[in-house]
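Asker: Chains as they are written, first to last, in this note's numbering: chain A, 0 to 260; chain B, 14 to 497.
Here's a structure for you.
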Amino acid sequence: MLTIRNLQVSVSGTAILNGLSLEVKDGEVHAIMGPNGSGKSTLAQVLAGRESFQVDGGSVEWDGHDLLAMPAEARARAGLFLAFQYPVEIPGVSNAYFLKAAVNAVRRHRGLPEFDAMDFLARVKAEMAAVGMKEEFLYRAVNEGFSGGEKKRNEILQMTLLEPRLAVLDETDSGLDIDALKIVADGITRLRSPARSMIVITHYQRLLDYIVPDRVHVLSRGRIVRSGGRELALELEARGYGWIDGADPPAPTPPATGAPS
Amino acid sequence: MNAPRRNDTLGALLEQEYVAGFETRLETDTVPKGLSEDIIRLISKRKGEPAFMLDWRLSAYRHWLTMPLPRWSTVKYPPIDFQDIVYYSAPRSKKDGPQSLDEVDPELLRTFEKLGVPLHERARLAGVAVDAVFDSVSVATTFQKELATLGILFCSFSEAVKHHPDIVQRYLGSVVPPGDNYYAALNSAVFSDGSFVFIPKGVKCPMELSTYFRINARDTGQFERTLIIAEEGASVSYLEGCTAPMRDENQLHAAVVELIALDDAKIKYSTVQNWYPGDRDGKGGIYNFVTKRGDCRGARAHISWTQVETGSAITWKYPSVILRGDDSVGDFHSVALTNNLQQADTGSKMIHIGRNTRSTILSKGISAGRGSNTFRGLVKITPKAEGARNYTQCDSLLIGDRCAAHTFPTIEVRHPDARVEHEATTSRIGEDQLFYAMQRGISAEDAVSMIVNGFCREVFKELPMEFAVEAQKLLGVSLEGSTG
Chain A
0 MLTIRNLQVS VSGTAILNGL SLEVKDGEVH AIMGPNGSGK STLAQVLAGR ESFQVDGGSV
60 EWDGHDLLAM PAEARARAGL FLAFQYPVEI PGVSNAYFLK AAVNAVRRHR GLPEFDAMDF
120 LARVKAEMAA VGMKEEFLYR AVNEGFSGGE KKRNEILQMT LLEPRLAVLD ETDSGLDIDA
180 LKIVADGITR LRSPARSMIV ITHYQRLLDY IVPDRVHVLS RGRIVRSGGR ELALELEARG
240 YGWIDGADPP APTPPATGAP S
Chain B
14 MNAPRRNDTL GALLEQEYVA GFETRLETDT VPKGLSEDII RLISKRKGEP AFMLDWRLSA
74 YRHWLTMPLP RWSTVKYPPI DFQDIVYYSA PRSKKDGPQS LDEVDPELLR TFEKLGVPLH
134 ERARLAGVAV DAVFDSVSVA TTFQKELATL GILFCSFSEA VKHHPDIVQR YLGSVVPPGD
194 NYYAALNSAV FSDGSFVFIP KGVKCPMELS TYFRINARDT GQFERTLIIA EEGASVSYLE
254 GCTAPMRDEN QLHAAVVELI ALDDAKIKYS TVQNWYPGDR DGKGGIYNFV TKRGDCRGAR
314 AHISWTQVET GSAITWKYPS VILRGDDSVG DFHSVALTNN LQQADTGSKM IHIGRNTRST
374 ILSKGISAGR GSNTFRGLVK ITPKAEGARN YTQCDSLLIG DRCAAHTFPT IEVRHPDARV
434 EHEATTSRIG EDQLFYAMQR GISAEDAVSM IVNGFCREVF KELPMEFAVE AQKLLGVSLE
494 GSTG
């Protein structure tokens, strides 16, 4: 279980998260929506342990551990996975090598035997077929020259291989055509399990046509201002973010964590 | 990026010593410190050289005296006191030189074994013939007899001067003339040993030839001379490795390498240079001032330089190819890494003279710590070089924010047909790349090593297999602690 309490984060002196609180139970899928600049990606990166953000206050507890005290690689090994909004290219390093290094680092941590090349290839090829990736992507450099959709599939592939306990998907749907979107959504749906929680960050409602979240939260100015079920996403789609940002008449329900500043 | 916990882990790794930094205690035959005509006469006499050799040395020395110190490079070092260097130091042996391995001091054999270069028959590296050079002399050359049956001459330079003076006289200085530059002139005056390779017409050398250079004695400079000749249609792959003990004083290594490829000949020359780089504060280390040049003297000749430079306090070298023969080809593939206070000023010159000559320069510079890395290149297309082509790619990778990378490409084109392409990139091991790898559970050290090896891949694939593995390990060791 993940419990975020009153999280405050800034970068170069500019506050981005202003007292964000959220609780995600095992097996739950939470969607976080919000306009550009509301702090969605910052939340994802802070959970994953990026050091360029300054945590000014609040706490994050994950399975009884102080998540913020753990180095990024320790979080990853303990089962936190971030699907990047902009997956990074690593020239000269083959995808196969990178994936194997990652999977084995995590397996070592879990006390499992490392995969040898044969076992690994068998496993990775099966999973690639499931996300619609051709085998040649194994031998190309990590994300180098991949299209937007290929990069996102590669993220889903990594998530599948690393079997996380908590997956944070940062706008994995952005820039995808409808076919790619379905494949990504499929991958996410296949990985839903009672032992795995997910935080799905998205700008648009359409991903939620394929992944039915347990809860939907709306983020605005670094804070969750509304929470609800799937119907909240649909309402948001119908009324636009202006509704949340206060351009429209006052919100029908009071914000979860105090009034916007 | 600078989280204290990471510095701690890496700090511990940094305590690892330069593994080749030991010293061998031996009785040596050493000439007095300093440089003069008398010293040169003494060296030549010790080596039992013919008169032409002494004359050659003396004329180089007289020329050197008139030359100013080179100042065009970006490397910085205090003035070298050339009178404070020992120009000849050899492990003492009973005779002039060991005739077989049984006569080689066992302590010497143990030294090379410790460096991973076993010389005796049982443990020799399969498929690699080795010439082992210790300070000023060659102590042993393996597989000589086997190679001789094919007409291949592979021996120390001193032996070549004695047994094949005609070949030496014909080719020595024909690619790098004695007055070529300051350190080449110094080398020509005082060079002590090195390797000599002669591959006769039509012979493809069946094994890798290699020289392992070891500096041991204190206050001693190493001035070796390597000469490789491939006659018409011959081919050879040659490897060079280097190490030195850890000392607080700087030591000078000023070598000259000359390659000559006649019609249809191919010479591939690979270097993994790991001279002692000095400590973290820049104390000690080798000054590596080297002139390496190949001459594609015949049509369709091919000379290829591959180098991985991780050692030395200062590296100053520009392996070059003169593309004289029509349709000849020159390649230069380089990885140069500087960490701590190391300085590297390296690159290549491709001189296109023949028609349809082609050259490639692929340089990968990695700077970490406070290291400084300079690429300096010259591509020259002369008026007769119709159809000449060059492709230069020069990539710099920065690790941390206290290091530096510089690029000085020079292109001179005197033929309207020429096609010269130059690409250069500079990137930093991004925080985003590191974070991406660490988010997948990969440690910072492994991530850096993965990214650096990826960056160097195009060059590593040019190295013979054993060397490629060695080079990857070496980069790992040289980079430890560099993300802190």
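Ideal placement from N, C-alpha and C gives every residue a C-beta, glycine not left out.
Going by DSSP, what residues sit across from Ser-456(B) in a beta bridge?
Answerer: Ser-456(B) pairs with nothing; no bridge assigned.
Asker: Work out the CA separation of Gln-446(B) and Ala-140(A) for me, nearest whole Å.
Answerer: Whole-angstrom Cα-Cα distance: 13 Å.
Asker: Measuring only the C-alpha atoms, how far is Leu-6(A) from Phe-468(B)?
Answerer: When rounded, the distance between both Cα atoms is 39 Å.
Asker: To which residues does DSSP link Thr-201(A) through a beta bridge?
Answerer: According to DSSP, Thr-201(A) bridges with Met-32(A).
Asker: Is DSSP giving Trp-318(B) helix, strand or coil here?
Answerer: Strand at Trp-318(B).
Asker: Ignore the nearest five residues each way along the sequence and tell me which others in Ile-53(B)'s own chain have a CB closer than 7 Å to its CB.
Answerer: The answer, listed in chain order, is Arg-70, Leu-71, Tyr-74, Ala-202 and Val-203.
Asker: Quick check on DSSP: helix, strand or coil for Leu-354(B)?
Answerer: Looking at Leu-354(B) - three-state DSSP - the assignment turns out to be coil, as it is neither helix nor strand.
Asker: Please list the segments of the beta strand (DSSP E) lying wholly inside the region 410-469 of chain B, counting only runs of 3 or more residues, in order along the chain.
Answerer: 417-426 and 432-441, all fully within the region 410-469 of chain B.
Asker: At the 7 Å Cβ level, is Pro-90(A) part of the contact set with chain B, yes or no?
Answerer: Yes, its Cβ sits closer than 7 Å to a Cβ of chain B.
Asker: Please return the same chain residues whose Cβ sits closer than 6 Å to the Cβ of Ala-437(B), not counting the five positions on each side in sequence.
Answerer: So the list reads Cys-407 and Thr-420, once near-sequence residues are dropped.
Asker: How many Å lie between Glu-399(B) and Ala-431(B) at the Cα?
Answerer: Going from the Cα of Glu-399(B) to the Cα of Ala-431(B) covers about 7 Å.
Asker: What is the DSSP secondary structure of Val-105(A), reduced to helix, strand or coil?
Answerer: In this structure, Val-105(A) counts as helix in the three-state DSSP scheme.
Asker: Against chain A, with Cβ distances strictly below 7 Å, would Asp-445(B) count as a contact?
Answerer: Answer yes: the Cβ-Cβ gap between Asp-445(B) and chain A drops below 7 Å somewhere.
Asker: Looking at Tyr-282(B) and Tyr-251(B), is the spacing between their C-beta atoms short of 7 Å?
Answerer: Yes, the Cβ-Cβ distance between Tyr-251(B) and Tyr-282(B) is below 7 Å.
Asker: Throw me the rounded Cβ distance for the Ala-100(A) and Arg-74(A) pair, which I believe falls under 8 Å.
Answerer: The Cβ separation is near 17 Å, so there is no contact.
Asker: Tell me whether the region 266-273 of chain B and the region 305-322 of chain B touch, counting them as touching only if at least three CB pairs, one residue from each stretch, are closer than 8 Å.
Answerer: Verdict: yes, contact present.
Asker: Between Glu-28(B) and Asn-352(B), what straight-line distance do the alpha-carbon atoms span, to the nearest angstrom?
Answerer: Because Glu-28(B) sits at a pLDDT of 35, beneath the cut-off of 50, its placement in the model cannot be relied upon, and the point is left open.
Asker: Whole angstroms are fine: how far does the CA of Pro-92(B) sit from the CA of Ser-456(B)?
Answerer: Between Ser-456(B) and Pro-92(B), the C-alpha separation is close to 43 Å.
Asker: Taking Leu-46(A) as part of the beta strand (DSSP E), name the residues at either end of that continuous run.
Answerer: Counting along the chain, Leu-46(A) falls outside any beta strand (DSSP E), though it belongs to the alpha helix (DSSP H) covering 39-47.
Asker: Could you tell me if Ser-192(A) is buried or exposed, where buried requires 16 or more neighbouring beta carbons within 10 angstroms of its beta carbon?
Answerer: Ser-192(A) comes out exposed.
Asker: Less than 8 Å between the CB atoms is what I'm expecting for Val-167(A) and Leu-175(A), so what's the real figure, rounded?
Answerer: Contact flag wrong, Cβ pair sits at about 18 Å.
Asker: Ordered along the chain, which non-local residues of its own chain (more than five positions away) have a Cβ less than 6 Å from that of Val-105(A)?
Answerer: Answer for Val-105(A): Arg-76 and Leu-161, listed in chain order.
Asker: How is the beta strand (DSSP E) around Asp-169(A) delimited, first residue to last?
Answerer: Per DSSP, Asp-169(A) belongs to the beta strand (DSSP E) from 165-169.
Asker: Since I believe Val-88(B) is in contact with Thr-43(B) (beta carbons under 8 Å), could you give me their beta-carbon distance rounded to a whole number of angstroms?
Answerer: Actually they are not in contact, since the Cβ atoms of Thr-43(B) and Val-88(B) sit about 29 Å apart, beyond 8 Å.
Asker: Taking the beta carbon of Gly-110(B) as the centre, do at least 16 other beta carbons fall within 10 Å, making it buried, or is it exposed?
Answerer: Confidence in Gly-110(B) is poor, its pLDDT being 49 and thus under 50, which makes the residue's placement unreliable; the coordinate value appears in the next sentence. Looking at its Cβ environment, which holds 16 or more other Cβ atoms inside 10 Å, Gly-110(B) is buried.
Asker: In angstroms, rounded to a whole number, what distance separates the CA positions of Gly-24(B) and Lys-330(B)?
Answerer: Confidence is the limiting factor: at Gly-24(B) the pLDDT is only 30, short of 50, which leaves the residue's position unreliable and the question unanswerable from this model.
Asker: Given a limit of 8 Å on CB to CB distance, which residues of the region 436-469 of chain B reach chain A?
Answerer: Taking 8 Å as the Cβ-Cβ cut-off against chain A, the residues of the region 436-469 of chain B that qualify are Gly-443, Glu-444, Asp-445, Gln-446, Phe-448, Tyr-449, Ala-450, Met-451, Gln-452, Arg-453, Gly-454, Ile-455, Ser-456, Ala-457, Asp-459, Met-463, Ile-464, Asn-466, Gly-467, Phe-468 and Cys-469.
Asker: Please name the residue in Leu-81(A), Phe-97(A) and Pro-34(A) whose C-alpha comes closest to that of Ala-116(A).
Answerer: Nearest C-alpha to Ala-116(A): Phe-97(A).
Asker: Ignore the nearest five residues each way along the sequence and tell me which others in Glu-236(A)'s own chain have a CB closer than 6 Å to its CB.
Answerer: So the qualifying residues of the chain are Gln-204.
Asker: Rounded to a whole number of angstroms, what is the C-alpha to C-alpha distance between Ala-349(B) and Ala-128(A)?
Answerer: Whole-angstrom Cα-Cα distance: 41 Å.
Asker: Would a check of beta-carbon distances place Glu-162(A) closer than 7 Å to chain B?
Answerer: It does not: the Cβ of Glu-162(A) has no partner Cβ on chain B nearer than 7 Å.
Asker: I'd like to know if Gly-110(B) contacts chain A, where contact means its C-beta is closer than 7 Å to some C-beta of that chain.
Answerer: Confidence at Gly-110(B) is low in this model, with a pLDDT of 49, below 50, so the placement of that residue is unreliable and no value is reported for it.
Asker: Would you say Glu-149(A) reaches chain B, if we count a Cβ-Cβ gap shorter than 7 Å as a contact?
Answerer: No, Glu-149(A) does not count as interfacial toward chain B.
Asker: Leaving out the 5 sequence neighbours to the left and right, which residues in its chain are closer than 6 Å to Val-28(A) when beta-carbon positions are compared?
Answerer: Closer than 6 Å at Cβ, skipping near neighbours: Met-197, Pro-212 and Asp-213.
Asker: First and last residue of the alpha helix (DSSP H) that includes Gln-53(A)?
Answerer: Where Gln-53(A) is concerned, there is no enclosing alpha helix (DSSP H), although the beta strand (DSSP E) it sits in stretches over 53-61.
Asker: Please compile the residues from chain B whose C-beta is within a distance smaller than 9 Å of the C-beta of Ala-75(A).
Answerer: Residues of chain B passing the Cβ test: Met-451, Gln-452, Arg-453, Gly-454 and Ile-455.
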